[in-house]
Amino acid sequence: MASSLAVFFVGLFLVLTGEVIAMVNMNEDELLGLFDVMSSLLDYSDWAKQYPLPCTDTPWPGVECEISLDNFPTYHVTKLHIGPDVIDPPCKNSANLSDSLLKLPYLKTLSIFNCFVSSSSPVNLSPTVFGSLTSLEHLALQSNPSLSGEIPSTLSNIVSLRVLSLSQNSLHGKIPRELGKLVSLQQLDLSYNNFSGEIPEEIGGLKSLSILDLSWNNLEGVVHCSLGMLKLLQKIDLSSNKLNGSLPPDLGKLNKLVLLDLSHNFINGPIPETFSGLENLQYLIIDHNPIRSTIPFFVGTLKSLTSISFSGCGLTGRIPSYISSLNTLTALSLDNNNLSGSVPPGLGSLTSLHQLNLSNNQLSGELQLPEEFIDRLGKRLDVKGNPGLCTSDYMKKNISMLYHQILPCLEKQIITGDHDDDNNNNNKTFQNHPDDTNAQWLLVINQKLLSSTIVLCWQPKVESLKQSIGKMEITNVNEYEAIAKQKLPKMIYDYYASGAEDQWTLKENQNAFSRILFRPRILIDVSKIDMTTTVLGFNISMPIMIAPTAMQKMAHPEGEYATARAASAAGTIMTLSSWATSSVEEVASTGPGIRFFQLYVYKDRNVVAQLVRRAERAGFKTIALTVDTPRLGRREADIKNRFTLPPFLTLKNFEGLNLGKMDKSDDSGLASYVAGQIDRSLSWKDVKWLQTITSLPILVKGVLTAEDARLAVQHGAAGIIVSNHGARQLDYVPATIIALEEVVKAAQGRIPVFLDGGVRRGTDVFKALALGASGIFIGRPVVFSLAADGEAGVRKVLQMLRDEFELTMALSGCRSLKEITRNHIVTDWDTPRAIARL
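Taking mature numbering (1 follows the signal peptide of the UniProt record, and there is no 0), I'd label the letters of the sequence shown as residues -22 to -1, 1 to 816.
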């Protein structure tokens, strides 16, 4: 009662005497400190004038205060929040954490979200400041790309801290062991940073901890058994690190645990059977670890499970029937393993299950799942890549089966469509056995509807049409395109093959090479030819690399997996597209190799930052920033075909972000996707921003002029790729081989210059190097050979170009790449050469 009366009289006093008394009732040093802090953060110099009494008469939504009645009633700032729900005014470019935070000794909550973003103004956590805010209970500094440096060990002084969330920043170094002194801590989230070293064993002393999220870092070592002492833990997320060793049995003591995510590490199996004690576990996510065991028996005892993911774990044996007893299960992912045997029919009785991925295993026998179950899941049921799996009721289920590529168990007549005949008048029937190795699945687009309606066809590799790769001799790269055109649906072939508008640049990219002639030297010992080179410090076997090509699983079921393996076998570099149908983690799991990552800049920079960090953690060595796509070029073939990504595929790098699918459109689904997602405001300052969120070198892809080459050098690019985006953006720009020499001269040797576009022969590679390129990238030859013959096709393309290039070097008198000079070629823009006198 006395406290209520005191508050009443304080309020009355303020009303009667106005601002002067308001100043008295908030400590002046504290108020001035708040003004200074806000001035250091917000892009509004008059904030103090606009909100002179933030605790009373002129409140601001990001500031909260409490009254202290120790002596005279006084307001103290207890909460400071800058975030998406407080949008006016925004943070300024030079935002920083002022030392004046020390003047807010009563601060309990400090929350700053997406404020420190400028690459020119890096922000660190001051050991002095963050060792002195001893009243803090909630510290959340999230999604701040320029917040870098290490966590100060003095943070352990804040023993009242209950929530510590420093996710999605650029912090690095080791996690301080001193954090183990924060005995009141309930939530620890350090995800999406660059922390390295081991997980401190001292974290096992945080007995109040309920949430532990250290995902998306570079942490190494083992998972400590001390975590098993945290009896209140409900969430453990250690995904996307470099953890190794076996899991400690003590984790099975965490009977309150709801989520356990250990995916994308190097953890060995088997998983301890003590995990049967995780009676409240709902999410068990172990995918992409070398577990290499059978599915653990304890899984069948965890009746609360709603999601199980063991993708890419090297699992063997059968899918146990006891999984069918998990009635709360909504998602089961066992793809990309070595599981054998049949699919348990009981899975079809799980009424809550809405996602089942069993693809790319060795499953066999008849798929005995209820038709209602198959129809309900639709494309969320994935059993592709199990060559022994079949269905005896194929025709009845053919609508649902189009997503799953399952063969009929018995010989049947299957209708095949011809994408060059709108009316399907030339349809033929074939009798095929599921084991027929001369047959393949094709997705054929119904062109009569001009939509993404897809008909699944079972079509043999027709030898009479000379499509059988084994029956014909491929002698050059261009022959693969003819085969791909026969094999691919029209919509997909046109997407890969076509260019923008009149397609003049598309033709010119190749034609321009034919106008460059050789000036070979003779009587040089070329018994030994060395084609090896170094690209950004990485040694490769030849200056021929793979350019980013989107959505490769439209060409072949293995898509980017096959391309990555082929590049690794050839000893060269693969560049993965942002719009790949395999994620950075999946491609990394194919084995060792030097890989670059191509990047589009989305409007949501948090998406970009996460994607870059994922690529870096997956072992990708360079970012190739595409700079020529503020809008999508007018690709008339895609408009006519109403191109969209087939419904059974997604842009895997964006799954979970609601960005992985393309909506249908009246013209091109891809054009609509780009218009909605890609940032048209991209500028040179974003190259600098990108350098603040990654330590990887950055190639600028899409340069065609000397002016832009000089700017790329000035803005710290590690290299340039001369590219016109495969002639798919602006038509009537020069062929890349024509633009190359201008760019090379402007770069003046300060950074390497590469080329893509139009390369179809080893002679083309030689010509590009003679004009100053440090190497070339190929795109369409890769995807066409992939469509024709999978990984073997890509390997052969790389080998053919290598052989042709080696022959060109020998016949031109060059024993190593450094001997290839401008004097070895003559172009149609050269001035006439003087004839040397005898």
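Even for Gly, the Cβ is constructed at its ideal location relative to N, Cα and C.
With a threshold of 16 other CB atoms inside 10 Å of the CB of residue i, please say whether the residue is buried or exposed.
i: GLY326; result: buried
i: VAL137; result: exposed
i: residue 831; result: The structure shown has nothing for residue 831, since the chain only spans -22 to 816.
i: TYR710; result: exposed
i: LYS630; result: buried
i: ASP503; result: exposed
i: TRP807; result: exposed
i: GLU685; result: exposed
i: LEU114; result: buried
i: PHE244; result: exposed
i: PRO759; result: buried
i: ILE754; result: buried
i: PHE574; result: buried
i: ARG609; result: exposed
i: LYS745; result: buried
i: ASP606; result: buried
Taking 8 Å as the cut-off, decide whether the C-beta atoms of residue i and residue j are in contact.
i: THR284; j: ASN316; result: no
i: LEU776; j: ILE461; result: no
i: SER337; j: ASP360; result: yes
i: THR714; j: ASN454; result: no
i: GLY61; j: SER89; result: yes
i: residue 838; j: VAL579; result: Summary: the structure shown does not reach residue 838, with the chain confined to residues -22 through 816, and so no result is reported for it.
i: ALA118; j: VAL101; result: no
i: residue 864; j: THR559; result: Here the chain has residues from -22 to 816 only, and residue 864 is not among them.
i: SER193; j: LEU216; result: yes
i: LEU125; j: SER148; result: yes
i: LEU514; j: GLY366; result: no
Tell me which residues share the same chain as residue i and place their Cβ nearer than 6 Å to its Cβ, disregarding the 5 neighbours each side in the sequence.
i: LEU190; result: LEU166 and ILE214
i: GLN146; result: GLN120, SER121 and TYR170
i: CYS792; result: ILE798
i: LEU12; result: VAL55
i: GLU251; result: PHE276
i: ALA548; result: LEU776
i: ALA544; result: GLU769, VAL772 and ARG773
i: PRO154; result: ILE129 and SER131
Is residue i near the ligand FAD, with its Cβ less than 7 Å from a heavy atom?
i: GLU349; result: Among the components modelled here there is no ligand, and therefore nothing to report on the ligand FAD.
Thinking C-alpha only, which one of the options is nearest residue i?
i: LEU225; options: VAL579, LYS745, ILE269 and GLU459; result: ILE269
i: LEU307; options: ALA725, LEU328, PHE626 and LEU240; result: LEU328
i: LEU205; options: LYS220, LYS231 and SER218; result: LYS231
i: PRO323; options: ARG591, THR369, GLY694 and GLY704; result: THR369
i: LEU47; options: PRO39, LYS57, MET4 and LEU80; result: MET4
i: ARG592; options: ASN172, ASP14, LEU142 and LEU111; result: ASN172
i: ILE756; options: GLY768, GLN707, ILE699 and ARG728; result: ILE699
i: ALA725; options: ASN801, THR683 and CYS43; result: THR683
i: LYS723; options: GLY694, ASP734, ARG688 and SER556; result: ARG688
i: ASN489; options: LEU764, THR805, GLY694 and ASN258; result: THR805
i: ASN258; options: LEU237, LEU466, VAL743 and GLY697; result: LEU237
i: HIS242; options: HIS266, LEU256 and PRO68; result: HIS266
i: ASP21; options: GLY40, ILE249 and PRO68; result: PRO68
i: GLY223; options: GLY515, LEU216 and GLY247; result: GLY247
Within the same chain, show all residues whose beta-carbon is closer than 7 Å to that of residue i, passing over the 5 residues directly before and after it, in chain order.
i: ALA615; result: ASP472 and SER476
i: SER378; result: Only weak support exists for where SER378 lies, its pLDDT of 46 falling under 50; the value from the coordinates is given anyway. Contacts found: ILE352, ASP353 and GLY356.
i: ALA(-1); result: Bear in mind that a pLDDT of 43 at ALA(-1), under 50, signals an unreliable position, so the model cannot answer this.
i: THR716; result: Strictly speaking, residue 716 in this sequence is Ile, with Thr absent from that position. Answer for ILE716: ALA490, listed in chain order.
i: PHE91; result: ILE60, GLY61, PRO62, GLN120 and SER121
i: VAL691; result: ALA725, ARG728 and ILE729
i: PRO298; result: ILE273 and GLY278
i: LEU80; result: VAL107 and SER110
My guess is that residue i and residue j are in contact by the Cβ rule of under 8 Å, so how many angstroms apart are they, rounded?
i: LEU749; j: GLU784; result: The pair is not a contact, with the Cβ atoms about 19 Å apart (cut-off 8 Å).
i: THR550; j: SER519; result: 6 Å
i: GLY109; j: ASN135; result: 5 Å
i: LEU554; j: GLN588; result: Not confirmed; about 16 Å, so no contact.
i: SER96; j: VAL15; result: Incorrect: roughly 18 Å between the Cβ atoms, too far for contact.
i: ALA765; j: GLY735; result: Their Cβ separation, rounded to whole angstroms, is 20 Å, which puts ALA765 and GLY735 out of contact at 8 Å.
i: LEU221; j: LEU187; result: Contact doesn't hold; Cβ gap of about 18 Å is too wide.
i: SER99; j: ALA73; result: 7 Å
In chain order, what residues of the same chain have a beta carbon less than 8 Å from the beta carbon of residue i, not counting five sequence neighbours either side?
i: HIS332; result: THR308, ALA309, ARG354, LEU355 and ARG358
i: LYS185; result: VAL161, MET207, LEU208, LYS209 and LEU210
i: ARG800; result: ALA748, LEU749 and GLY750
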